[in-house]
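Protein sequences appear in the order of chains X and S. In this text, residue positions in the first sequence follow numbering that gives the first Met the number 0: the first is 0, and each later residue adds one. In this text, residue positions in the second sequence follow numbering that gives the first Met the number 0: the first is 0, and each later residue adds one. Backbone N, C-alpha and C define an ideal beta-carbon position, used for all residues, glycine too.
2 protein chains.
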Amino acid sequence: MPKATFFNLPEKKRQSLIKAMEMEFSRVPLFEASIANIVKTAEISRGSFYQYFKDKEDAYYYILQEQANRRNKQFIQQLQTHQGDLFEAITAFYYDLLIELPDQKEYNFFRNALLNVTHQIETIFNEIIESNLKKDGMEKITKLINRELLNIESDSELTHVIHIISAVAFRNFVEKFTKELSDEEAIESFKVEMSLLKKGIAR
Amino acid sequence: MPKATFFNLPEKKRQSLIKAMEMEFSRVPLFEASIANIVKTAEISRGSFYQYFKDKEDAYYYILQEQANRRNKQFIQQLQTHQGDLFEAITAFYYDLLIELPDQKEYNFFRNALLNVTHQIETIFNEIIESNLKKDGMEKITKLINRELLNIESDSELTHVIHIISAVAFRNFVEKFTKELSDEEAIESFKVEMSLLKKGIAR
DNA sequence: TATGATAGATGACACGGTGTCATTTGTCAA
DNA sequence: TTGACAAATGACACCGTGTCATCTATCATA
């Protein structure tokens with residue numbers, strides 16, 4: 000979490016700093032990102048940066064978390080739109096994600112994150128789908144899901160189902176970047192795997 | 000890949016260097032690992048290290064790849080033992096993995112790797128299951144799998160099935176560390192998710 | 001308006017780490 | 001004995017992070 004000083008900043012200065020961070024974290028992955036670049040772009044002193052953030056990681060996860068929050072809203076939205084059909088919702092969500100990605104900066108930001116996934120990034124990413132477990136206790140999501148459509152017998156199984164789906168979705172998203180798939184290929188692969196999940200893999 | 004000089008080393012010296020690297024990479028994740036520590040333990044000069052490896056990453060992925068090769072053999076073994084039953088084989092493999100983990104050094108090595116997963120680590124990890132795509136063209140694996148047991152209609156679907164299973168297995172393995180699950184809990188969770196994959200998630 | 005206190009800004013610098021390179025040492029064949 | 005090649009060495013250039021003593025701005029209060 001950024002320090003209080005960061006949130007006390009005048010809106011304009013804060014936005015300019017955010018922009019500078021997004022720039023640097025889109026340019027290279029976290030471990031190569033340099034604070035010198037950020038403060039130069041944002042036109043603040045090195046010392047100031049450390050007034051706002053504990054360290055480089057702190058800044059990075061703040062930016063990442065902002066992204067996650069935006070995406071989480073989109074997913075909730077899709078669940079509502081599709082009357083709780085988990086598969087419809089996740090597919091629509093995945094579609095949205097790819098559609099919006101052509102923005103070069105955002106594309107590179109994701110790319111750098113995913114190809115150097117630290118566990119924390121994966122966790123945050125999953126929160127997009129699994130919602131924020133601490134805040135709403137996953138209830139917001141599970142309440143929205145129409146269980147009639149799922150082959151499950153307990154709450155515990157529902158949790159596992161969500162795990163499975165987000166694991167597969169995540170992996171698909173990573174492959175979009177590593178194999179440099181077109182949007183069409185990525186969607187196709189995603190649909191095939193979701194369909195396999197639905198109907199079951201064993202004969 | 001290590002340089003030729005590394006493989007020219009007398010066995011004893013090479014082993015001692017390997018041991019020193021394993022020690023350091025078990026102590027902390029890659030990005031915190033220090034070459035100073037490695038050369039001190041192995042009692043070689045800093046310059047020598049760079050005769051053997053291009054850089055820190057080079058050394059790390061060599062150690063990781065060695066691990067992966069050992070594990071891959073185990074998985075193939077399990078596939079043979081279970082007459083090509085993919086689910087039986089992966090479950091037995093996962094079981095083996097957990098059983099062998101109590102060795103503190105190895106446990107920490109995995110832990111550091113998984114909680115700071117770079118994409119390359121995930122890729123190497125998947126190779127354990129998906130075999131080395133370049134060398135054997137995945138054929139070695141796919142030939143061993145008994146397709147009669149699977150609900151698939153094409154080779155392409157088989158590839159997707161393997162993707163799904165390794166994504167879910169990987170995620171389970173990561174959770175073993177993040178949630179600090181006991182072996183029993185980890186196995187239980189793994190079995191539930193495999194069973195869901197088998198029977199299908201949709202009603 | 002003057003004062004003091006508190007929050008924020010600053011950049012020089014200590015520290016530590018990586019990878020390089022000129023030089024030395026060892027080995028082995030002719 | 002010589003020369004050529006492979007390997008070993010450690011000082012060092014370079015770069016980046018996070019700290020800290022010091023300076024500046026703001027603002028409530030007397």
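Using 8 Å as the threshold, is the C-beta distance between residue i and residue j below it?
i: residue 192(S); j: residue 162(X); result: yes
i: residue 78(X); j: residue 67(X); result: no
i: residue 206(X); j: residue 24(X); result: Because chain X in this structure spans residues 0 to 202, residue 206(X) falls outside the shown range and cannot be described.
i: residue 196(S); j: residue 173(S); result: no
i: residue 125(S); j: residue 28(S); result: no
When the Cα atoms are used, what is the spatial distance from residue i to residue j?
i: residue 159(X); j: residue 175(S); result: 14 Å
i: residue 199(S); j: residue 43(S); result: 56 Å
i: residue 14(X); j: residue 41(X); result: 9 Å
i: residue 136(X); j: residue 85(S); result: Per-residue confidence for residue 136(X) stands at a pLDDT of 48, beneath the threshold of 50, marking its modelled position as unreliable; the derived number appears in the next sentence. Each residue's alpha carbon lies about 35 Å from the other.
i: residue 94(S); j: residue 184(S); result: 12 Å
i: residue 186(X); j: residue 17(S); result: 43 Å
i: residue 82(X); j: residue 96(X); result: 20 Å
i: residue 36(X); j: residue 20(X); result: 9 Å
i: residue 120(S); j: residue 141(S); result: 23 Å
i: residue 170(X); j: residue 6(X); result: 35 Å
i: residue 60(S); j: residue 12(X); result: 42 Å
i: residue 39(S); j: residue 26(S); result: 15 Å
i: residue 72(S); j: residue 127(S); result: 8 Å
i: residue 103(X); j: residue 22(X); result: 11 Å
i: residue 157(X); j: residue 122(X); result: 19 Å
i: residue 57(S); j: residue 180(X); result: 27 Å
i: residue 139(X); j: residue 189(X); result: 25 Å
i: residue 105(S); j: residue 2(S); result: 25 Å
i: residue 202(X); j: residue 143(X); result: 31 Å
i: residue 75(X); j: residue 129(X); result: 10 Å
i: residue 100(X); j: residue 182(X); result: 10 Å
i: residue 0(S); j: residue 107(S); result: 23 Å
i: residue 8(S); j: residue 178(S); result: 41 Å
i: residue 194(X); j: residue 98(X); result: 21 Å
i: residue 46(S); j: residue 10(X); result: 50 Å
Residues in its own chain within less than 7 Å of residue i by CB, not counting five upstream and five downstream?
i: residue 4(S); result: 50 and 51
i: residue 48(S); result: 34, 37 and 38
i: residue 64(X); result: 123
So is the beta-carbon of residue i under 7 Å away from any non-hydrogen atom of the ligand ZN?
i: residue 127(X); result: Looking at this structure, you won't find the ligand ZN or any other ligand, since it has none at all.
Can you list, in chain order, the residues of its chain with a C-beta nearer than 6 Å to that of residue i? Leave out the 5 residues immediately preceding and following it.
i: residue 70(S); result: 127
Can you give me the Cβ contacts of residue i inside the same chain, cut-off strictly under 8 Å, excluding the 5 residues immediately before and after it?
i: residue 80(X); result: 88 and 91
Item checked: Segment contact flag, the stretch 141-150 of chain S with the stretch 149-161 of chain X, C-beta cutoff 8 Å, min 3 pairs -> no
Next item on the list: Would you list, in chain order, the members of the stretch 68-98 of chain X that have their beta-carbon closer than 8 Å to a beta-carbon of chain S?
Entry: Result list: 86.
Check: Counting pairs of Cβ atoms below 8 Å between the stretch 42-52 of chain X and the stretch 160-176 of chain X, do you hit three or more?
Finding: no
Check: Using 8 Å as the Cβ pair cut-off and three pairs as the minimum, do the stretch 26-34 of chain S and the stretch 111-125 of chain S touch?
Finding: Using a Cβ-Cβ distance cut-off of 8 Å, the stretch 26-34 of chain S and the stretch 111-125 of chain S are in contact, since at least three pairs of beta carbons, one from each stretch, lie closer than that value.
Next item on the list: Mind checking the stretch 168-194 of chain X against chain S and listing, in chain order, the residues whose C-beta falls within less than 7 Å of any C-beta there?
Entry: 170, 173, 177, 191 and 192
Check: the stretch 55-69 of chain S: which residues have C-beta closer than 8 Å to a C-beta of chain X, in chain order?
Finding: none
Notebook entry, point to check: What residues in the stretch 10-30 of chain X have a beta carbon less than 8 Å from any beta carbon of chain S?
Noted result: 30
Next item on the list: Please name the residues in the stretch 102-119 of chain S whose beta-carbon is closer than 9 Å to at least one beta-carbon of chain X, in chain order.
Entry: 113, 114, 115, 116, 117, 118 and 119
Check: Using a Cβ cut-off of 9 Å, which residues of the stretch 150-162 of chain X contact any Cβ in chain S, in chain order?
Finding: 150, 151, 155, 156, 159, 160 and 162
Next item on the list: For the stretch 38-49 of chain S, enumerate the residues whose C-beta is nearer than 7 Å to any C-beta of chain X, in chain order.
Entry: none
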